Amino acid sequence: MGKVITFPIERRRPHVALVWDHAWDEYRIEAVGVIAPGANAEWTGDYGEALDLLVSKGERLNLPIFDCTMDGRALA
Numbered sequence: 002m003g004k005v006i007t008f009p010i011e012r013r014r015p016h017v018a019l020v021w022d023h024a025w026d027e028y029r030i031e032a033v034g035v036i037a038p039g040a041n042a043e044w045t046g047d048y049g050e051a052l053d054l055l056v057s058k059g060e061r062l063n064l065p066i067f068d069c070t071m072d073g074r075a076l077a
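Positions in the sequence shown are counted from 1; adding 1 to them yields the working numbering.
Next comes the structure, spelled out in C-alpha cells:
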C-alpha cells in the first residue's frame, strides 16, 4: 500500500507531494524531481479528490507520496 520513509531526508529524492496552493486557493498534486509523462501538476478544491489524485499519481510513477497539508496533519 505505501512505503515507509524517513522524514525529511526522503523529501530530497523524487516524490509526489500534496500541498495547499495559496495563489489558486486549491490543493496542488505534483511530482517533484521527476520529468516523466503524467508528472505535471494537478489542482483540485476537494481534499478527498486531492488524496485520490495523490495516491494514483504516486502509484503510477512508483514514487513515495507526501501529504503536506494541514488536513493531512489533522488525520495523523
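Glycine residues also receive a C-beta, built at the ideal position from the N, C-alpha and C atoms.
Note that the structure is predicted; figures quoted are calculated from it, not measured.
**Q.** Rounded C-alpha distance that separates V20 from P65
**A.** Start at 1 with the first residue of the sequence shown, and residue 20 comes out as number 19. Start at 1 with the first residue of the sequence shown, and residue 65 comes out as number 64. Approximately 15 angstroms, taken between the alpha carbons.
Q: Please name the residue, chosen from Y28, A24 and P38, that lies closest to E50 on a Cα-to-Cα basis.
A: To locate residue 50, count along the sequence shown from 1; it is residue 49. Comparing Cα positions, the closest option is Y28.
**Q.** Among N63, D26 and W25, the one whose alpha carbon lies nearest that of P38
**A.** One-based indexing of the sequence shown puts residue 38 at position 37. Cα-wise, what sits closest to P38 is N63.
Q. Between the C-alpha atoms of G34 and H16, what's the straight-line distance to the nearest angstrom?
A. As a first step, residue 34 is located in the sequence shown; it is residue number 33 there, counting from the start. As a first step, residue 16 is located in the sequence shown; it is residue number 15 there, counting from the start. Their Cα atoms are separated by approximately 7 angstroms.
Q | Alpha-carbon spacing of R13 relative to G46, whole angstroms | A | Here residue 13 corresponds to residue number 12 of the sequence shown, with the count starting at 1. Here residue 46 corresponds to residue number 45 of the sequence shown, with the count starting at 1. Each residue's alpha carbon lies about 27 angstroms from the other.
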